[in-house]
Structure formats: structure tokens, C-alpha cells
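Asks: Take a look at the following structure, please.
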Amino acid sequence: MLNDFIEYKKSSNKSAETLKQYYNMIRLFFIWDYKNNGDKVFVNLKKRELIHFFGTAVETWDWSSSRIATVKSSLSSLSNYIENILDDEYPDFRNIITKIETPSKKPVREKTVMTQEQIDDCLFKLCEAKKYQVACYFALACYSGARKSELLRFKTSYFEDSNLIL
20 MLNDFIEYKK SSNKSAETLK QYYNMIRLFF IWDYKNNGDK VFVNLKKREL IHFFGTAVET
80 WDWSSSRIAT VKSSLSSLSN YIENILDDEY PDFRNIITKI ETPSKKPVRE KTVMTQEQID
140 DCLFKLCEAK KYQVACYFAL ACYSGARKSE LLRFKTSYFE DSNLIL
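If you read the sequence shown in this note's numbering, its first letter stands for residue 20, the second for the next number, and so on.
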């Protein structure tokens, strides 16, 4: 079922990273289900069993609220696939994941913000050490507001038509 779900998500043009995340998050649940829940078939799960899984994630594995929300979202997406696409095989299936509350978002670590002086000092030291690519990556990270994965997708063509002085 998981492989069919991933194929379905591929057909809706999801990125490779998104597919990998779906696969890994759902697989975590299936491993827990196998070890702790008697390998119960997903379509036969009860809300109580899902609550037990998320309780284990919080209390035993110390998952952040963001990770729990991601796993919950992945399981909900799988449930929607079953409900909407596999409805001929499971006509009575309903997405019960949405009935379970998501824990409130709590920061995992304190955010730190560099001062302009710290940024300039770091850039100066990187250039002094002739680490120009690292300095460029660092500057893009500081001034673009892009996430790490987004920075890796930047293309120099983005800047060719720009009036920016680089």
C-alpha cells in the first residue's frame, strides 16, 4: 500500500524530497505498528491506537511538535489516498487521522540572530582564507532568507538579468 501511495504521489508531480519524506514518515509508523500494535492493517486502525503511537512519539522518543505534525500529515495524506482512490476496495474507510489533535507548536531550540558585524567579520575571514564559494553560500543564506534546501537550487541565471551589483 505504501509503494502504491508513493506512486500515486509521483503522478501528482511531487518532488523527490517530498516523496522521500512521505515514505520515511509513514514507514516509521508502520514499524511502530509492527513492533507495538500487532502489525494491524492500516485501514483497521482505531483512533485509540493512533493516539498511543503519538503518545509514544512524545513521551518515549521525545519528538518535537513539528515532527509529530509532519508524521500526522503524512498519515492523513495516506488516509486520503485510501478514502478517495481505493474506495472500491475499502468503501467504509474514513480518515480518522484528522480527528486527532496535533500538539501545539513549541520551539525546539532558541533562535539566534547574527549581528551585521558578525556577518561582515565571517565573510571577511572566509574571503581572506580564499573560501569564496563558502562565502557566497553564507552571504546568500544571510541576505536572501532562503532555506538551506532552497539555496542549493539557486542558479546564476537568476542574477544575470538583475540590476544588482554582486
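Just so you know, even glycine gets a beta-carbon here, dropped at the ideal spot from N, CA and C.
In terms of alpha-carbon separation, which member of 114, 43, 59 and 129 lies closest to residue 87?
Replies: Comparing Cα-Cα distances from residue 87 to each of 114, 43, 59 and 129, the minimum goes to 43.
Asks: Could you have a look at residue 37 and say whether DSSP puts it in helix, strand or coil?
Replies: The answer is helix: DSSP assigns residue 37 an H, G or I state.
Asks: Check whether the stretch 40 to 60 and the stretch 112 to 123 are in contact - that is, three or more C-beta pairs closer than 8 Å.
Replies: No: fewer than three Cβ pairs fall under 8 Å.
Asks: Going by the beta-carbon positions, is the gap between residue 162 and residue 104 smaller than 8 Å?
Replies: No, they are not a contact pair.
Asks: Which residue comes first and which comes last in the alpha helix (DSSP H) that contains residue 68?
Replies: Per DSSP, residue 68 belongs to the alpha helix (DSSP H) from 66 to 78.
Asks: What would DSSP say about residue 28, mapped onto helix, strand or coil?
Replies: In the structure shown, residue 28 sits in a helix (DSSP, three-state: H, G or I).
Asks: What are the start and end residues of the alpha helix (DSSP H) that includes residue 138?
Replies: Segment 135 to 147, the alpha helix (DSSP H) holding residue 138.
Asks: May I ask you to report which of helix, strand or coil DSSP gives residue 123?
Replies: Reduced to three states, the DSSP call for residue 123 is coil.
Asks: Spatial neighbours of residue 66 within its chain, please: C-beta separation below 7 Å, excluding the five flanking residues on both sides.
Replies: Cβ within range, chain order: 115, 118 and 119.
Asks: Given this structure, state the Cα-to-Cα distance separating residue 99 from residue 20, to the nearest angstrom.
Replies: Approximately 13 Å between the Cα atoms of the pair.
Asks: What do you reckon, are the CB atoms on residue 124 and residue 95 nearer than 8 Å?
Replies: Going by C-beta atoms, residue 124 is not nearer than 8 Å to residue 95.
Asks: Check for me: the alpha helix (DSSP H) holding residue 157 runs from which residue to which?
Replies: Note, residue 157: alpha helix (DSSP H), 151 to 163.
Asks: For residue 43, does the three-state DSSP call read helix, strand or coil?
Replies: Residue state, collapsed to three classes: helix.
Asks: Does residue 84 have its Cβ less than 8 Å from a Cβ in chain B?
Replies: The chain labelled as chain B is not found in the depicted structure, where only one protein chain is given.
Asks: State the Cα-Cα distance for the pair residue 63 and residue 106, rounded to the nearest angstrom.
Replies: Cα to Cα, the separation comes out at about 14 Å.
Asks: Assuming residue 142 and residue 158 are in contact, meaning their beta carbons sit under 8 Å apart, how far apart are those beta carbons, in whole angstroms?
Replies: Correct: roughly 6 Å between the Cβ atoms.
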